[in-house]
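First the structure, in the form of structure tokens, and then the observations on it.
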Amino acid sequence: MFEPKKLLPIPVVVLLLSLVVIYINASAGTIPMGVDLKGGTVLIIPTTQPIFELEEIIANDFGYHAKSRSIRDFAGEVKQQEITIDTVGLSNQEERALKDRIISEFESRNIERGEIFSETVSGFFSDMFLRESLKAVVFAFLFMAIVIFIKFRSFVPSFAVVVSAFADIVETIAAMTVLGIELSKGSIVALLLLIGYSVDTDIMLTSRLLKQRGRKGIDEIIKNSMYTGFTMTGTTITAMIVLLLVSTSDLLDSIAIVIIIGLVFDLLNTWITNLSLLKMYVEGGGK
Amino acid sequence: MNLDELWEDRRIKILAVCVILSLIIIGFNGISKGIDLEGGSRVNLRTERSLDTVEMAELISVIETRLNIFGLKDVRVNSLGADIVQIEIAGVSPDEAIDILGQPGRLNVKIGNTTAFTGADLTRVGSFGKEPGSGWGVPFTLSELGSINFMDVAVAENFKKVYMYLDEGTQIRVLSTTPLEGLEKTLSDNYGLTDAKINSTTGIGGAITTVDFDTPMSEFKPGELDRVTTEINTSYTGVRDISYASTGLVNSAPISQGLQDLLSAGEAQQSMVITTGADEESRLRARQIEAILRSGSLTVKVEVIEKLRVPPELGDEFVKNSILAGILGIVAVAMVIFIRYRDARIVLPILVTGFSEVIIILGIASIIKWNIDLPAIAGIIAAVGTGVDDQIVITDEVFMEKEKSIRHRMKSAFFIIMAAWMTTVAAMLPLLSIGLQILRGFALTTIIGVTIGVAVTRPAYASLIRNIIGGE
Numbered sequence: 002m003f004e005p006k007k008l009l010p011i012p013v014v015v016l017l018l019s020l021v022v023i024y025i026n027a028s029a030g031t032i033p034m035g036v037d038l039k040g041g042t043v044l045i046i047p048t049t050q051p052i053f054e055l056e057e058i059i060a061n062d063f064g065y066h067a068k069s070r071s072i073r074d075f076a077g078e079v080k081q082q083e084i085t086i087d088t089v090g091l092s093n094q095e096e097r098a099l100k101d102r103i104i105s106e107f108e109s110r111n112i113e114r115g116e117i118f119s120e121t122v123s124g125f126f127s128d129m130f131l132r133e134s135l136k137a138v139v140f141a142f143l144f145m146a147i148v149i150f151i152k153f154r155s156f157v158p159s160f161a162v163v164v165s166a167f168a169d170i171v172e173t174i175a176a177m178t179v180l181g182i183e184l185s186k187g188s189i190v191a192l193l194l195l196i197g198y199s200v201d202t203d204i205m206l207t208s209r210l211l212k213q214r215g216r217k218g219i220d221e222i223i224k225n226s227m228y229t230g231f232t233m234t235g236t237t238i239t240a241m242i243v244l245l246l247v248s249t250s251d252l253l254d255s256i257a258i259v260i261i262i263g264l265v266f267d268l269l270n271t272w273i274t275n276l277s278l279l280k281m282y283v284e285g286g287g288k
Numbered sequence: 033m034n035l036d037e038l039w040e041d042r043r044i045k046i047l048a049v050c051v052i053l054s055l056i057i058i059g060f061n062g063i064s065k066g067i068d069l070e071g072g073s074r075v076n077l078r079t080e081r082s083l084d085t086v087e088m089a090e091l092i093s094v095i096e097t098r099l100n101i102f103g104l105k106d107v108r109v110n111s112l113g114a115d116i117v118q119i120e121i122a123g124v125s126p127d128e129a130i131d132i133l134g135q136p137g138r139l140n141v142k143i144g145n146t147t148a149f150t151g152a153d154l155t156r157v158g159s160f161g162k163e164p165g166s167g168w169g170v171p172f173t174l175s176e177l178g179s180i181n182f183m184d185v186a187v188a189e190n191f192k193k194v195y196m197y198l199d200e201g202t203q204i205r206v207l208s209t210t211p212l213e214g215l216e217k218t219l220s221d222n223y224g225l226t227d228a229k230i231n232s233t234t235g236i237g238g239a240i241t242t243v244d245f246d247t248p249m250s251e252f253k254p255g256e257l258d259r260v261t262t263e264i265n266t267s268y269t270g271v272r273d274i275s276y277a278s279t280g281l282v283n284s285a286p287i288s289q290g291l292q293d294l295l296s297a298g299e300a301q302q303s304m305v306i307t308t309g310a311d312e313e314s315r316l317r318a319r320q321i322e323a324i325l326r327s328g329s330l331t332v333k334v335e336v337i338e339k340l341r342v343p344p345e346l347g348d349e350f351v352k353n354s355i356l357a358g359i360l361g362i363v364a365v366a367m368v369i370f371i372r373y374r375d376a377r378i379v380l381p382i383l384v385t386g387f388s389e390v391i392i393i394l395g396i397a398s399i400i401k402w403n404i405d406l407p408a409i410a411g412i413i414a415a416v417g418t419g420v421d422d423q424i425v426i427t428d429e430v431f432m433e434k435e436k437s438i439r440h441r442m443k444s445a446f447f448i449i450m451a452a453w454m455t456t457v458a459a460m461l462p463l464l465s466i467g468l469q470i471l472r473g474f475a476l477t478t479i480i481g482v483t484i485g486v487a488v489t490r491p492a493y494a495s496l497i498r499n500i501i502g503g504e
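Residue numbers (the working numbering), protein chains in the order written: chain A, 2 to 288; chain B, 33 to 504.
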């Protein structure tokens, strides 16, 4: 028989490790962040032949730290070159000089390109974005927790749901840090989505266990709930994998990848963390 | 499955009506897309201090007017909170807008050909409003010196119309049989005029060459423009017509008889009103005049904090891609559900209700003129994803708890669904009140989506499933 309590050390260790990873990286300032949260300029050049030397050219001629990457479409063809410049507060003139330099480089090599476009975020805006996003995540979590406590009206089951939702978020952020996935508009939207998604299976499990016990064996309820829960998580992960493969939008891609990571952790936390706490409570005769 | 019985069901009717209404609304209203899906640019400006609603409205009006005067069409200017102004422009490079807003406008008000007052002489510009008896108007106040100058010029120019120029420049227009070669060099070598912008268009009957200077006519050396035109006339063959004029005229207004009488009597007026008339067009003109008078400088200092440009082609691609991702995503979800239940009768209702949900969300967006942008698409994905989860809960509750009454099974399913709905709405509510537009858009779409879900589509799905198992 599936005994979640025996496996409980796994999610506990994962959670502790995640907290350590976040703490170390946060204090060292090494949590990867996108331009939206850090400030800077992104130049996007529609072309099928990226010039990777542009990084060096920009560093030599302008003294900016530039990072280049190419963006591919669904079929794997390169469509754009994206150059990220960390320097915050480029003036319009500086940006134009930069664009002119890139244009001349493309022209001298006879490479075709579309019109260059750009996204600039000032330090003020990125600071505000980071601050407000953190606030949003904290409040979203608090409000969710309050609803859970009101809805279930008993401490241990509510606490179990909230703890596993908390673990989902923390572990996802830690995994993003380790994998180098940037915190950005998209990934923050995804973290907020995850708060809603990850509790769905916990609510289903908790409500069934609390209401059906007595009429049915606990193990049968758990088995049925796992069928339902795995289908729920399975459909969502499938949809997100499709989104990740098909979409060419950075925002939607980062949402998809973060939710996939988050839901994998949610499987761990719903079916081990939440379930073992809940099972101990129910078996202990809790009301 | 009994179709007659199904149609009798109130919940199915509600769903059908909602979907049909949404399709009609979308058909008539269309769906407005955000800059990231439509292409265009967005500039966010921060004011150096927080503004109250009146100040913010004035600032927005000044920005709109200036951008419009400079020929930027389809400009949307909105405030995001008390210190952020967002400008969205269809199709233009944001640099152009920033350049325009970056420098204060030079206001020059002339009577005939003489300057009556400039932005520096204005001590106050009131809000435009309806004056009793005389229609819409904009009150303003001049400094004492400015008012005396105004009176002198008005009298000397015999009360001609008042012309308002913003960023006045000078333009020389030459009509010739062939384009003028080397004019730029002539102007800079012989006259030291280096800031000329020369434009030539050749058409039937000859070429039109325009030479634009940012300098107002009054700042050229006396007689200089005459000498330039004479030189062009003599040194180029085929010049048929040549003239020069001021550019940057934005509005004009006559001097009223009452004011003429006062000024003739030597009574300089510091406070005056520019009136436009009583109709709707006059109201808009008054609004524009107010903005022009104010735009000598923006009322507060602004700083560019974010700018973004999305080419229209890329926006199109996003839309196509999102639709493709949506369809493929739903097909993939359908496959997972089929693998689990091995029953097409369950897959179909889940797909139908899922699609209905998307249509109703878009219908509501169309009614409230909500822009569908990338964050909104994320919200739709969230809502539909939650919807599928809920439908799985309903299905399993119905099939696994056969010993209970169907009513009881639905009650248990809806307890879970309502709890999930409440947590999602609770998690999204705080986002509505914070100053980040992207998160607000996402939160609002998600809330609308999941609420339609629990109110319309989930009950309808429950009826469908009930009908399917009716015989079992």
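The C-beta atom is built at its ideal place from N, Cα and C for all residues, glycine as well.
Member of the options whose CA lies at the smallest distance from the CA of residue i
i: valine 79 of chain A; options: A:Val36, A:Ile261 and A:Gln50; result: A:Gln50
i: valine 384 of chain B; options: B:Thr269, B:Thr262 and B:Ala48; result: B:Ala48
i: isoleucine 412 of chain B; options: B:Ile57, B:Lys436, B:Phe387 and B:Lys434; result: B:Phe387
i: proline 211 of chain B; options: B:Gly473, B:Ser232, B:Lys193 and B:Ala228; result: B:Ser232
i: leucine 219 of chain B; options: B:Asp199, B:Gly235, B:Leu257 and B:Lys192; result: B:Leu257
i: glycine 215 of chain A; options: A:Asp128, A:Ser105, A:Phe130 and A:Val283; result: A:Val283
i: threonine 229 of chain A; options: B:Asp428, B:Arg490, B:Glu40 and B:Ala415; result: B:Asp428
i: serine 105 of chain A; options: A:Ile59, A:Leu135 and A:Lys6; result: A:Ile59
i: arginine 98 of chain B; options: B:Leu325, B:Ala297 and B:Lys192; result: B:Leu325
Local Cβ density within 10 Å of residue i, reported as buried at 16 or more and exposed below that
i: arginine 74 of chain B; result: buried
i: tyrosine 197 of chain B; result: buried
i: glycine 30 of chain A; result: exposed
i: valine 334 of chain B; result: buried
i: tyrosine 24 of chain A; result: exposed
i: serine 275 of chain B; result: exposed
i: serine 495 of chain B; result: buried
i: glycine 503 of chain B; result: With a pLDDT of 49 at glycine 503 of chain B, under the threshold of 50, the predicted position of this residue should be treated as unreliable, and no value is reported.
i: aspartate 62 of chain A; result: exposed
i: phenylalanine 156 of chain A; result: exposed
i: alanine 228 of chain B; result: buried
i: isoleucine 393 of chain B; result: buried
i: alanine 161 of chain A; result: buried
i: phenylalanine 118 of chain A; result: buried
Residue interval of the alpha helix (DSSP H) (run including residue i)
i: tryptophan 272 of chain A; result: Here tryptophan 272 of chain A belongs to no alpha helix (DSSP H), and DSSP marks it neither H nor E.
i: serine 127 of chain A; result: 124-153
i: proline 1 of chain A; result: Residue 1 of chain A is absent from the structure shown; chain A starts at 2 and stops at 288.
i: glycine 290 of chain B; result: 289-296
i: leucine 69 of chain B; result: 67-70
i: proline 158 of chain A; result: 156-180
Residue interval of the beta strand (DSSP E) (run including residue i)
i: arginine 108 of chain B; result: 107-111
i: asparagine 61 of chain A; result: Careful: asparagine 61 of chain A lies outside any beta strand (DSSP E), inside the alpha helix (DSSP H) at 55-63.
i: alanine 410 of chain B; result: Per DSSP, alanine 410 of chain B belongs to no beta strand (DSSP E); it is in the alpha helix (DSSP H), 406-432.
i: glycine 280 of chain B; result: 271-285
i: serine 179 of chain B; result: Premise fails: serine 179 of chain B lies in the alpha helix (DSSP H), 176-188, not in any beta strand (DSSP E).
Cβ-heavy atom distance, residue i to the ligand NAP, below 7 Å
i: glycine 30 of chain A; result: By its list of ligands, the structure shown contains no ligand whatsoever, and the ligand NAP lies outside what it can speak to.
Whole-number beta carbon distance between residue j and residue i, since they are thought to touch under 8 Å
i: arginine 377 of chain B; j: isoleucine 500 of chain B; result: 5 Å
i: glutamine 81 of chain A; j: serine 71 of chain A; result: 7 Å
i: serine 93 of chain B; j: arginine 319 of chain B; result: 6 Å
i: phenylalanine 142 of chain A; j: isoleucine 337 of chain B; result: Actually they do not touch by this definition, with Cβ atoms about 28 Å apart.
### Message
Would the region 358-369 of chain B count as touching the region 238-256 of chain A if we require 3 or more Cβ pairs under 8 Å?
### Response
Contact between the region 358-369 of chain B and the region 238-256 of chain A is present, because at least three Cβ pairs lie under 8 Å.
### Task
Inspect the CB distances between the region 206-225 of chain A and the region 442-459 of chain B and report whether three or more fall short of 8 Å.
Contact between the region 206-225 of chain A and the region 442-459 of chain B is present, because at least three Cβ pairs lie under 8 Å.
### Query
Are three or more beta carbon pairs between the region 349-359 of chain B and the region 145-163 of chain A nearer than 8 Å?
Taking a contact to require three or more Cβ pairs closer than 8 Å, the region 349-359 of chain B and the region 145-163 of chain A do not qualify as touching.
### Cβ pair count under 8 Å reaching 3, the region 108-115 of chain B against the region 72-88 of chain B
Segments in contact, yes.
### Message
Using a Cβ distance threshold of 8 Å, determine whether the region 396-411 of chain B contacts the region 61-68 of chain B, with at least three qualifying pairs required.
### Response
These segments touch.
### Task
Indicate whether the contact test is met: 3 or more Cβ pairs, each with one atom in the region 184-198 of chain A and one in the region 453-473 of chain B, closer than 8 Å.
These segments touch.
### At least three beta-carbon pairs within less than 8 Å, the region 293-309 of chain B to the region 265-274 of chain B
For the pair of segments examined, the region 293-309 of chain B was found not to touch the region 265-274 of chain B: the number of CB pairs separated by less than 8 Å stays below three.
### Message
Tell me whether the region 36-48 of chain A and the region 116-125 of chain A touch, counting them as touching only if at least three CB pairs, one residue from each stretch, are closer than 8 Å.
### Response
Verdict: yes, contact present.
### Query
Do the region 83-99 of chain B and the region 419-426 of chain B touch if we need at least three Cβ pairs shorter than 8 Å?
Under the Cβ criterion (8 Å, minimum of three pairs), the region 83-99 of chain B does not count as touching the region 419-426 of chain B.
### Message
With three or more C-beta pairs closer than 8 Å as the rule, is the region 107-114 of chain A touching the region 167-178 of chain A?
### Response
Result no; under three Cβ-Cβ pairs closer than 8 Å.
### Query
If you pair each beta-carbon of the region 393-400 of chain B with each one of the region 40-60 of chain B, do three or more pairs fall below 8 Å?
Yes, the region 393-400 of chain B is in contact with the region 40-60 of chain B.
### Query
If you pair each beta-carbon of the region 172-182 of chain A with each one of the region 455-465 of chain B, do three or more pairs fall below 8 Å?
No, because fewer than three Cβ pairs between the region 172-182 of chain A and the region 455-465 of chain B fall closer than 8 Å, the two stretches do not touch.
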